[in-house]
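Taking it in order: structure first as structure tokens, then the write-up.
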Amino acid sequence: MEETLLVDGLQAVLDRCGAEDWRVRPGRSWCHVEPPGGVPGMQGWKLHLSATPLSAPVVLARAADVLVRHRCPFKFAPTLRLVQELGSRGCDRGGGGKFLTAYPDLHGDALRALAAELHRVIEGLPGPGILSDRPYRPGSLVHYRFGTFTGVPLLGNDGTYEAMLMAPDGSLVPDQRKAWFTPPPWAPPDPFRPIPPAGAGAATQPVLLNGRYLVREVIRHAFTGGVYRATDEVTGETVVLKQARPHAGADLTGRDARDARRHEAAMLELFGPSGLTPRLLELFEQQGDLFLAQEAVPGVTLREWVPDNTAPDDGGTWGNSPATVARMAGALVDLVALVHGQGLVLRDLDPNNVMVTPDGELRLIDLELLARPGELVAAAYTPGYVAPELAGLPAIGPAPEPAADLFGLGATLFYLVTGADPLLPPDEPHPRPHRERIASWLHQVAGGNEAARRLAPVIAALLHEDPARRPGLEAVRAGLADRSPLAPIAVPRGIDDADLRRMVDDALGHLVATMDPDHATRLWPSAAFGTTTDPLNVQHGAAGVLRVLTLAHEISRDPGLREAVDVTARWIGRRVHREPRMLPGLHFGRSGTAWALLEAGRTLGDRDLVSVAADLARRVPVRWPNPDVCHGVAGAGLTQLRFWECTGDHEFLTRACQAADSLVSAARRQGDDVLWPIPQGFASSMAGVAHYGFAHGIAGVGTFLLAAGRATGSDPYLDLAGAAAETLAAAAELDRGAAYWTAGPEGGRRKTTWCSGSSGVGTFLARVWQHGGDARYAELSAQAAVAVRRSRWHAGTAQCHGLAGDGEFLLDLADVLGDERYRNWARELAVGLRVRHALRAGRMVVPDEMGNDVVADFGTGLSGVAAFLLRLQHGGSRLWLPGGWTSEHPLGVADGQPRSRTPASGSDGVDGVVAAGRAGATPRTGTRVSGTATGGGGGGPW
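Heads up: the sequence shown is residues 1 to 942, going by the UniProt record's numbering.
The structure is reproduced here in structure tokens:
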């Protein structure tokens, strides 16, 4: 009943109003309601109504009656669970609170009359303020903003579909949903009150709360209210302030964020004398919001402490000492016992809720979820740390028994000894016991980690599916105190051939079995973000999977794979001209789509498909504000080089030079460094940011410029590639023989992935060494490989941000440096993939980068993993780099015929590419990147 309550109520209003001819279109996120012939226009001043889960049925009934009489189309969140999510902490601040959206085709007095009537019929009901809008009146549930109605659906610059606004000059601009009122400068006059001119009002002043707390830093923003670090001007101490906005975070019990803060204050007061929680300072209200002031516990969260304090795995023993882990594990047990001793349960114990002080002591933070067993509460949990008996329960239900906290304790101990979240996607249709899957993971880790080995029995027992089988806290203490001699354990460090073969075969089988050629929009399902992107792209769409299927068929010549390649290519080909906006990027734009079609056409011997691919590549922009590989010019340039290699058409080389020229112009000097920032005024979530990594930064741009320089002999390209390498060398952070990079010059946490860290930077630097012979770059690449190897137990799974992309880099090094050690390290990374596998229809498949599900996506899912495993099994070169970087795959094809590693002469534009590539494997002398090119000409970039 709860799932249909709102839609049923809407239908009752329509029946009562005699509006049976109105169209009602329920959907997963919204229910659209339209009068006959009353489809909303493109854009205008629209009205938003907020509500809590308890007030939503009344708000809908009263508002719908008004909107039907005004023949105004509208939409609303169709379930109470969605209403709760729209007001929750996790909701985007620009979209939070918008329970109902009305699209009035009204102006002036008529629009003001509608807003006034809506305000009158729902006045006094509870609902949160909507941050992106202006309230019709102070405290009103009626809000308004200028934005899209239907808009013009178009790919935005970041590769996701957006409803665009049309400016008076006909140009399309994103409808920006900020957490403040931001109508476009050309919007019609505010129908309700004047908009202050830009720059009006007082200058930004320091925020002083309650007359004493000077805010210094935002810890996090949330729709329900932010968390801030501040200085107490009275005592001088650092404090943490937690804000709660009225009616935000409301649930079906009637409680909201303010009640959560009051409850947290009561818990802090209760546990304050223990010294194991922050001290409560005070609760106060300011401008209608409630604030909790508490002691700022010095230190870092357990989530931050573990990676920063764990001895790395360099092939021997690793992890923290058993003594350190036993002490911290005992402290975690003490925290749980402290709460249980007061007759309460934690409900959400995870590494984010525990602080490690500078002296190594543990403190419990974020106490708002503590409750008494059986007490009516709103469901809240962290994936991987929630007991199975709690997952999938109703939004409101009784608080769990203490045994649920034991599961959270076991999961947190797992993180303590491994640095990984114990996330495992469900098996389908026959699930294996969770504890057995965790025990298998721990067994593999325990080969070099004595602490994990000692705690494995305790952790596996705590993670038992049956709450009654989980050991109590005293039994856990006894298990932690056990220092019995450990029996010898032998764990292979690399994956064996049988497992590797099965993982490859099962991944490909799953990809073929789950494709849906009859689906109108997506050939394979994707995760939530993936579904907002181009279904034909590499990162989340069909092109990435197509390239992997093509590679697999080139290797195996399996008829079933050939059919899958053909079906996928035709599916893409039928849709490739439907998208009116052509984005340039390799992963989020149409460059990767063209590249995938090219390789499929060559493999199938289909010249028509190659022609479609070439036509698409010619239409890809090669000048663009974003310089990067994933979204911008560098990705387009790499694609143009590949088409030149394969077709011999110098138009593609000319276009590659145009891309390179634009990157020369876009380069910015910052001292001795060269950077490619994304322009501040560009409509992108990354505007103004400069990155080091391959996906969005210097490493990817440098890779293309180096390839373009080698193809043309252009010193400006080669010089810039050299400057990029020097910049990255200077930015390296060396630690015990490993090289790390932060995301960019702004600093932050070290990264190891292809997207933003060691793997991607090393991919570029290895090729700089291969080109110029400067030993510094070979050494940095080798040190980057050490960093990558150290991440194998706690990195994600994917090409973009995880083990698959990291493994590709190690295979690159094995080829470039001629050192098989790195191929063995890649086999070690494959073990990290295998231990996380799920079974789907009996197939062993690796989860996506979040660890929650199995998706086909190349950048974040299974096809990217399959690409790495195929290369690990059969050799060959890395996908999405021009063939000149390494020799062609031995079982590749050209125009339907097998290619050979031995160069063949001819005039098809491919001759010389392989030979030059093999020659490039031997480094030239000298340290300058420029001046060592093979020269211009038709052979290829090497």
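Note that beta-carbon positions come from the ideal geometry of N, C-alpha and C, so glycine has one too.
Just so you know, these numbers come straight off a predicted model, no measurement behind them.
task = Note the first and the last residue of the continuous alpha helix (DSSP H) segment covering residue 31.
result = That residue, residue 31, is in no alpha helix (DSSP H); its beta strand (DSSP E) goes 31-34.
request  = Whole angstroms is fine: what's the gap from residue 82's alpha carbon to residue 429's?
outcome  = 28 Å
task = Spell out a yes or no on whether the region 90-102 and the region 164-183 are touching, meaning 3 or more CB-CB pairs, one atom from each, closer than 8 Å.
result = yes
message = The alpha helix (DSSP H) that contains residue 106, what's its start and end?
response = No alpha helix (DSSP H) holds residue 106; DSSP gives it neither H nor E.
request  = Could you tell me which of 47, 58 and 65 sits nearest to residue 15, measuring between CA atoms?
outcome  = 65
ask   = What did DSSP end up calling residue 239 once you bin it into helix, strand or coil?
value = strand
Alpha carbon of residue 453 to alpha carbon of residue 669, nearest angstrom = 51 Å
message = Using a Cβ-based criterion (distance less than 7 Å to any ligand heavy atom), does residue 460 qualify as near the ligand MN?
response = Among the components modelled here there is no ligand, and therefore nothing to report on the ligand MN.
task = Report all residues from its chain with a CB closer than 7 Å to the CB of residue 264; omit the five preceding and five following residues, and keep chain order.
result = 292, 367 and 368
ask   = What number of angstroms, rounded off, separates the C-alpha of residue 536 from the C-alpha of residue 803?
value = 24 Å
key: Rounded C-alpha distance that separates residue 248 from residue 869   = 47 Å
message = Buried or exposed, going by whether 16 or more other CB atoms sit within 10 Å of the CB of residue 926?
response = Caution is warranted here: a pLDDT of 32 is assigned to residue 926, below 50, making its placement in the model unreliable, and no coordinate value can be reported.
query = Roughly how many angstroms separate the alpha carbons of residue 68 and residue 48, rounded to a whole number?
reply = 16 Å
message = Rounded to the nearest angstrom, what separates residue 315 and residue 726 at their Cα positions?
response = 30 Å
task = For residue 11, name the three-state secondary structure that DSSP assigns.
result = helix
request  = Compute the Euclidean distance between the alpha carbons of residue 243 and residue 344, then round it to the nearest angstrom.
outcome  = 24 Å
query = Would you report the Cα separation of residue 421 and residue 414, rounded to the nearest angstrom?
reply = 7 Å
ask   = For residue 642, which three-state DSSP category applies?
value = helix
key: Residue nearest to residue 57 in terms of C-alpha spacing, selected from 819, 21, 126 and 26   = 126
Bridge partner(s) assigned by DSSP for residue 282 = 293
Endpoints, beta strand (DSSP E) assigned at residue 673 = 673-675
ask   = So with Cβ pairs under 8 Å, would you call residue 42 a contact of chain B?
value = The chain inventory of the structure shown lacks chain B, comprising one protein chain alone.
ask   = Hey, residue 258 and residue 281 are a contact pair by Cβ (cut 8 Å); roughly how many whole angstroms apart?
value = About 17 Å; that fails the 8 Å criterion.
request  = With a threshold of 16 other CB atoms inside 10 Å of the CB of residue 847, please say whether the residue is buried or exposed.
outcome  = buried
ask   = By how many angstroms is the C-alpha of residue 850 removed from the C-alpha of residue 506?
value = 20 Å
ask   = If we call anything under 8 Å between Cβ atoms a contact, is residue 158 one with residue 685?
value = yes
inquiry  = Tell me the rounded alpha-carbon separation between residue 863 and residue 657.
reply    = 31 Å
request  = Given a cut-off of 8 Å, decide if residue 759 and residue 786 are closer than it, judged by their beta-carbon atoms.
outcome  = no
Nearest-angstrom Cα separation, counted from residue 594 out to residue 166 = 29 Å
key: Distance, residue 579 Cα to residue 533 Cα   = 12 Å
ask   = Considering only C-alpha positions, which residue in the set 445, 245 and 71 is nearest to residue 139?
value = 245
ask   = If we ignore side chains and look at the alpha-carbon of each, how far apart do residue 62 and residue 527 end up?
value = 36 Å
key: Residue nearest to residue 50 in terms of C-alpha spacing, selected from 31, 26, 76 and 38   = 76
query = Since residue 809 sits in a beta bridge, which residues does DSSP pair it with?
reply = Note: residue 809 sits in no beta bridge, so no partner.
query = residue 376: buried (16+ other C-beta within 10 angstroms of its C-beta) or exposed?
reply = exposed
ask   = Ends of the alpha helix (DSSP H) at residue 788?
value = 775-790
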